[in-house]
Amino acid sequence: DCTDGYTGTLCEQIVDCGSPDAPSSGSVDTGGGTSYGASADYSCDNGHTLSGDASSSCGADGQWSSAAPSCDPVDCGTLDAPGSGSVDVPSNIYGATASYSCDLGHTLGGSASRTCRANGSWSGAAATCDPVDCGTLSAPESGAVDVGSTLYTGSASYSCDDGHTLVGSASRSCQSDGSWSGSAPECEPVNCGTPGAPAGGSVDAPDSTFGSTASYSCDGGAA
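Okay, so the sequence shown: first residue is 55 according to the numbering used here, each after it adds one.
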């Protein structure tokens, strides 16, 4: 019988376990030796974690003490969709990319995409979907505007001061492109028309709009 780890007629040959297989997405280092007593150390590529024994030794029976481990890609976990938006995550393992999008009338805040990194975290920060803001509206001359909200789907109502009539649309809404629908109305003074002159007299009416004054006078000899 030969001493453990040796073979041959004269026990002159040291047992050799042969080169161990490297795991997919990983490597193995035997330090240049594969004979009895040699050690094989396994490692994984960036973005992968080792599952199994990290090392193996060549035994007297010519077999490595353990099978090659596996190198599994890092899992970054799921991502939540933003309010009023969605996220497309085809995969959540190392190297995968997630894309965000927003519903109509909302704008994307933050990164539009994120990547699963080697440390198991997603790059960047979660995106937000903020409603479009159409901005403030100016009141028409001799009128007012009541803006319930300047955000998408918000509405504004116009009114005129006494003695004025609204010309145009009385309301507008905030649209998905960030603009108000329609155009601003105007408040035009009421027109009373031309007053008729009395029999045997005359009327002086320089203007016929709200607030104007008409002056009457009689011809000579009229009561």
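Built from N, CA and C at the ideal position, the CB exists for glycine as well.
Any beta carbon from chain D within less than 8 Å of residue i's own beta carbon?
i: residue 229; result: Going by chain labels, chain D is absent from the structure shown, which holds only one protein chain.
Would you tell me roughly how many angstroms separate the C-alpha atoms of residue i and residue j, rounded to the nearest one?
i: residue 57; j: residue 115; result: 11 Å
i: residue 175; j: residue 221; result: 58 Å
i: residue 171; j: residue 66; result: 52 Å
i: residue 102; j: residue 159; result: 40 Å
i: residue 184; j: residue 259; result: 57 Å
i: residue 217; j: residue 263; result: 9 Å
i: residue 162; j: residue 117; result: 58 Å
i: residue 126; j: residue 81; result: 13 Å
i: residue 253; j: residue 215; result: 36 Å
i: residue 229; j: residue 235; result: 6 Å
i: residue 202; j: residue 154; result: 30 Å
i: residue 61; j: residue 68; result: 6 Å
i: residue 213; j: residue 225; result: 9 Å
i: residue 189; j: residue 219; result: 26 Å
i: residue 156; j: residue 149; result: 24 Å
i: residue 261; j: residue 270; result: 14 Å
i: residue 64; j: residue 98; result: 41 Å
i: residue 86; j: residue 70; result: 12 Å
i: residue 95; j: residue 173; result: 22 Å
i: residue 76; j: residue 133; result: 33 Å
i: residue 206; j: residue 195; result: 26 Å
May I ask you to list the residues that DSSP assigns as paired with residue i?
i: residue 332; result: What the structure shows of the chain is the stretch from 55 to 277, and residue 332 is not part of that stretch, so it cannot be assessed.
i: residue 272; result: 255
i: residue 142; result: 153
i: residue 183; result: 162
i: residue 263; result: 245
If you compare alpha carbons, which of the options is closest to residue i?
i: residue 90; options: 110, 81, 210, 164; result: 110
i: residue 121; options: 200, 145, 73, 146; result: 73
i: residue 238; options: 249, 64, 211; result: 211
i: residue 169; options: 141, 124, 199; result: 141
i: residue 267; options: 274, 112, 249, 255; result: 249
i: residue 242; options: 92, 75, 231, 265; result: 265
i: residue 251; options: 87, 231, 272, 107; result: 272
i: residue 145; options: 128, 156, 157; result: 128
i: residue 83; options: 112, 269, 196; result: 112
i: residue 178; options: 274, 151, 187; result: 151
i: residue 130; options: 123, 147, 143; result: 147
Worksheet item: In chain order, which continuous runs of the beta strand (DSSP E) of length 3 or greater are located wholly inside the segment 155 to 181?
Response: 160 to 163, 167 to 169
Discussion item. Ignoring anything shorter than 3 residues, give me the beta strand (DSSP E) runs that lie fully in the segment 196 to 249, in order along the chain.
Written reply: Those beta strand (DSSP E) runs which fall completely within the segment 196 to 249 and span 3+ residues are 197 to 201, 209 to 214, 218 to 221, 225 to 227, 240 to 243.
Discussion item. Please give the ranges of any beta strand (DSSP E) in the segment 59 to 113, keeping only runs that are unbroken, at least 3 residues long and fully inside the region.
Written reply: Listed in chain order, the complete beta strand (DSSP E) runs (minimum 3 residues) inside the segment 59 to 113 are 80 to 83, 93 to 98, 102 to 105, 109 to 111.
Discussion item. I want to know whether the segment 177 to 194 touches the segment 136 to 147 - three or more CB-CB distances under 8 Å.
Written reply: yes
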